[in-house]
Amino acid sequence: MYPASFEYVAVDSAEEAIDSLAEHGDREVTLLAGGHSLLPMMKSGLASPEVVVDLGGVDALSGIERGDDATRINAMTEYAAVADDEGLWSDNPVVPEAAAAIGDVQVRNVGTVGGNVAHSDPAADLPAAMLAADATIHALGPDGEREIPAADFFQAMFTTALADGELLTAIDVPHLGSDDAAAYVKKASPSSGYALVGVAVVLETDGEEIADARVAANGAFDHAMALEPVEEELVGGSLDDESLPERAAGRATDDVESYLVLDDEQASSEYRAHLLEVYAERALETAIDRVGDGSNADG
Amino acid sequence: MASEPNAESVFGSSVERREDVGLLTGDAEFTDDKLQDAAHVAILRSQFAHATIEEIDVSAAEERDGVLAVYTGADVEESGVPNDIPTAWMLPGLVTPQYRIMATDKVRHTGDALAAVVAEDRYAAYDALDDVDVTYDRLEAVTRPDEAVESDVTVHEEAPDNVAFDFELGDADAVDEAFEAADHVASVDLEQPRIIPNAVEPRAAAASYDPSSDELTVWMTSQNPHLHRVLMSTATLGHPEHKLRIVAPEVGGGFGSKIYHYPDEAITAWCAKQLGGSVKWQATRTQSYATDCHGRDHVTEAELALDSDGTIRGLRVETHAGLGAHLSQFATATPSYLYATILSSEYAIPAIHCRVIGAFTNTTPVDAYRGAGRAEGIYVTERIVDVAARELDLDPVEVRRTNLIPPEEFPYETAVALVYDSGEYEEAMDRALELIDYEGVRERQEKLREGGRYLGVGVANFVESAGLSPSKAAGELGAQAGGWEAGVVRFHPSGTVSVAVGTADQGQGHRTTLAQVAAAELGVPVDDVEVVEGDTDEVPQGMGTYGSRSGPVGGGAVAQSGRKVVEKARSIAAHKLEASEDDVEFDDGTFHVVGAPDRSISIQELAYAAYLGHDIPDEMEPGLEATSYYDPENFTFPFGTHAAVVEVDPDTGEVEFHRYVAVDDCGEQINPMIVEGQVHGGIAQGIGAALSEAANYDDNGTLVSGSMNEYALPRSDSLPEYETDSTVTPSPHNPIGVKGVGESATIGATPAVVNAVVDALEPFGVDHLDMPLTDETVWTAIDGGER
Amino acid sequence: MTTDTHEITLTVNGTTRELRVEPRTLLIHALRDELGYTGPKVGCETTLCGACTVHVDGKPVKSCTMLAVQADGADVTTVEGLGEADELHPLQTAFQEEHGLQCGYCTPGMLLTALSLLEDEPDPTRAEIREALEGNLCRCTGYQNIVDAVETAAARMNAAEGAD
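Chains as they are written, first to last, in the working numbering: chain A, 1 to 299; chain B, 300 to 1086; chain C, 1087 to 1250.
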């Protein structure tokens, strides 16, 4: 309940944050965004950083900027702002739908997109959505800026492609075409609200044909992962093929050794693997239903 | 000046709660809102479930900034206090090891206290806990009661086989004969997992000691301040009872968990005495999970003998009940007398035998949780009736109907030592069946099954023995406390009234309902009555709030005192009206002479006369007040029927509610709004137990469902809308006809929901599932059935 | 390790207060222990019970999962700022009328979450109310009367709005 003492550094800019991380690099230093991953860990004693660098005062890291081809979500944007963003719902609903599925309203008002994605909690909702959206993650470090495709970003439980001393500054979410569709569905833990399984889908269509598909899951594995066999089954398939969602979803664990599926007090690996198929099917059905319904039409 | 009388009777009306405004504005004070400037206590808990203690080094902790003192169990021993938390119910052969407020040489579960830090603020106190260095020698742990009695692990030396008691009730020979004679025997093995009570307010204590007067005041989260006082005085601290004041301010839920005397308030008060000042402590939620007494923890084998028409001949039950690492106050009574005695449920069962083996384990102590004992017993009976009905291809409702105790049989003596006071069981059951459209649901179920949808309907009847009493009978059975309640009714000279009563509210609204009881007895406006509870300085004595007793027993005490006051006032009225007492009638607050309605005087006017003492009968003392120790002649027996309609999603195992109907009969209702509120909350907790709640330990004795992250509590979006109704069968022996309602719905809801889910799973060949019926449990059962 | 303290400013229920806190001090403890606003409660440490819910800059947050220094400069509303005993907010009145509280420990947080819902959605459905309150645990009421209370308050606030 009571975090251990730490040195507190408030910064005004991303550059200052990078400098601060470097300056305290010889100590256990961590960035504070919304704090909804960090503070619970500090309260339970799982984390006791010596230095906390608070990004709360960095106005430039906050807000949603709509571009022509993509929408930029700056790192310190709260989940609620994403969940309520009409432009994102129109341009790529997988991300706001996942943001809306996080926790409860109080959590969504404080937790941040950057903090969530950079934490790579296996049961968080946004990572799968970022994979399905084919988002691009912007990082700033001592050597300057770089871009990391979401597909390369999530590496393991609580481990990402971010290097020590690097800061996630923004995420670009590409816009879908008018014939494309997306969905995020989730089976929440009845206790914690985190995802036992969450599946994100983006379908790009050409007429009745599925031209491209990105399907990713969180909750099931030690980090969010693309479900490549599902994607393979979908691409080239027809929207009119009523058996396609079930057939494709049935391949959700084809590439996965069973021991890789999480097994804990919340759910066994057998159940999670099964849920993964069920929720993949539901996500696919939802997305297919949305094709052409205008909910994600550009403009 | 008294306000105007109410037009309609205040007893039985949904008066808004006087508690609410303070709670809604944040003005109301809970324990942790008290003593804002006090030092803070943090308590170190054992890291292991079972270990001997080699050494505890507190020197580094003592050195830290802000730390005022660090104490261990050795310091407590050296202070010479009695230091032994007792159990409050003795059973034959019961083993009662010492339960120290801080462990000295051995720890027996992960909640055992090892050291206490007092520091200037909360953060500093918890910081210092990290610097207390404990050297443990780990021992193997045992966590399940059925395994404990076979285990090489010994929790207490005094009980080498871990058996605290071996209890029997009922006629075993009669049961054997019944089983031989019956057409059919159904059996079921079932477990009732541990429940963590989860009052939203964590337990807390704030203590203030004045060395010059030796007066010790403890504000604490208590369901029974007087019991806490007598236990702290005689059993743990040895502080003189007359110099010890226990106050339960606002208490944020209890559900049983705040009945008991825990080490923590004793440690807090002891620290205040050591330091000669004020200290406070509040459990973190993690500590609450590890130390608040858990509920249930039963492993049971049950058999039911019946004829092929569904007539029940006999019931045989054997249960291993987990008691945890120490005997809490009602730990022994709950799985014995509160459990075995209720196994008859609403049915005329000629022969019942129950054996209960109470076992020590390396787990959090187990004690009464809402429904205590009765919930576990009713669950066994209502579950096995469904199992048997399916085996006999009978409708479970019809099996119930066949065996209901008919109204003309009351008072009805069961085969397990209770005499039920009154009941109209079939009326309540039929009302519930009608509300839920039982026949219609069965038809829908059949149709939906054809389309691959799985609807289930579950019905459960229940009886509850409420208001643990009477004192003499309880004493003969081993109780170390009485079953009475104290109530004072005192008129003030101006005509307003103060009531003091020994029950203690944790959200039930006693200050409202007991004011209604007094107002109705005295015929005064309810706003002219104030109720005081929860303070040993303000209330003469009391037994507290648990076992659905505050309405029937607390209310009985208030009513009895009210009647004594009315009788004294009648004498004064007769004197003043110059009439014989027999000719003076009392109606709605006014005495008048029979046949001469204009010769009248109100009781509120008489109060002034009583305190003036100028014009009262000779030989009469002035004043107008009365104290009663109401000791009921029997339990009261609320009852009812709950019914649930659920649908199971075969893809995920999810259980969705279609309907939830509850028909409760708690006798007369003092305040129907509050009765309904109690039913709602009870249903929610009963559903939680059925579907999601369980405290699980790993083999090392670590509580793996150790926080709200793992322990699934019902939430606003996971519960159904409840449809409630009631019947009213007054208790014939209770002064105000009430039976109590605090626990009923918890008792009824759990078997109704489990019966519904198992009914839905019939096509998959599932005849029983152990709680909690999580999505995965249900899915696994379906998956197994399909294979 | 450092025991440095930071000076922060919080405007609580319209009153600006300056205080010194350790960086690690949680907002709930700053409010309760330092400033004496004991309306918000501590019920868990896992950001799940919602008893500590207050509004920060107009939005409900769990004050046990925010450092006081993070709230520096913010407007904070606790239940003490919702309504007085003699002038209750319509939500408070409705909670009393509908028996939407028993022990009352969760109630301050529940009210502030409900208030935010009605600010965003003046006419919510019962399902929307239940979803909005998913982050506030109540162990006493079974929630149904709380949902009733929010519905009642919404209707009354809308009627008052219409009358203006």
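For every residue, glycine included, the Cβ atom is placed at its ideal position computed from N, Cα and C.
Check	Outcome
Proximal residues of chain A, C-beta to C-beta of residue 783/B below 8 Å	Within chain A, no residue comes near residue 783/B; the closest Cβ sits about 40 Å away, beyond 8 Å.
Candidates 546/B, 388/B, 554/B: closest to residue 770/B by CA position	388/B
Pairwise C-alpha distance: residue 619/B and residue 348/B	20 Å
Residue 518/B, enclosing beta strand (DSSP E) - first and last residue	514-519
Collapsed DSSP secondary structure at residue 1086/B in the structure displayed	Below a pLDDT of 50, predicted positions are generally treated as unreliable, and residue 1086/B, at 43, falls in that range; no measurement from the model is reported.
Any C-beta of chain B under 9 Å from that of residue 1185/C	yes
Proximal residues, the segment 1216-1233 of chain C versus chain B, C-beta separation under 9 Å	1216, 1217, 1218, 1219, 1220, 1221, 1222, 1223, 1224, 1225, 1226, 1227, 1228, 1229, 1230, 1231, 1232, 1233
Exposure of residue 541/B, with buried meaning 16 or more beta-carbon neighbours within 10 Å	exposed
Proximity below 9 Å, CB of residue 1044/B to CB of residue 756/B	no
The segment 388-402 of chain B in contact with the segment 311-320 of chain B per 3-pair CB rule at 8 Å	no
Beta-carbon gap between residue 591/B and residue 662/B smaller than 9 Å	no
Residue 501/B: contacting residues in chain C (beta-carbon distance under 9 Å)	1128, 1129, 1130
Option nearest residue 178/A by Cα separation, candidates 45/A, 4/A, 93/A, 74/A	93/A
Interface residues of chain C facing residue 324/B [CB-CB closer than 8 Å]	1125, 1165, 1166, 1168, 1169, 1170, 1171, 1174, 1178
Counted within 10 angstroms of its Cβ, other Cβ atoms place residue 746/B as buried (16 or more) or exposed	exposed
Nearest-angstrom beta carbon gap, residue 957/B and residue 946/B [assumed within contact, 8 Å]	6 Å
DSSP state of residue 153/A mapped onto helix, strand, coil	helix
Residue-level contact to chain B via CB, residue 1153/C, 9 Å cutoff	no
Neighbour flag for residue 842/B against chain C, beta carbons, 9 Å	no
Residue range of the beta strand (DSSP E) that includes residue 218/A	209-218
Within 9 Å, strictly: CB atoms of residue 108/A and residue 83/A	yes
Residue span of the alpha helix (DSSP H) that contains residue 274/A, given as start and end	269-290
Under 9 Å between C-beta atoms of residue 985/B and residue 1059/B	no
Contact set for residue 632/B: own chain, Cβ-Cβ below 6 Å, skip 5 residues either direction	388
Run of the beta strand (DSSP E) containing residue 614/B, from where it starts to where it stops	611-623
Classification of residue 866/B by the beta-carbon crowding that lies within 10 angstroms, buried from 16 upward	exposed
Any chain A beta carbon closer than 9 Å to residue 1304/C	No answer is possible for residue 1304/C: the residues shown for chain C start at 1087 and end at 1250.
Close beta carbons around residue 530/B, own chain, < 6 Å, minus the five adjacent residues each side	560
8 Å contact criterion, which residue 489/B and residue 1181/C should meet: CB distance rounded	About 39 Å; that fails the 8 Å criterion.
Residue-level contact to chain B via CB, residue 190/A, 9 Å cutoff	yes
Short Cβ contact (9 Å threshold) for residue 416/B with residue 359/B	no
Residues bridged to residue 924/B [DSSP beta-bridge criterion]	789/B
Test item: CB-CB of residue 44/A and residue 1011/B under 9 Å	no
Pair within 9 Å by beta-carbon distance, residue 1203/C and residue 1149/C	no
CB contact check: residue 1146/C to chain A, cutoff 9 Å	yes
Neighbour flag for residue 733/B against chain C, beta carbons, 9 Å	no
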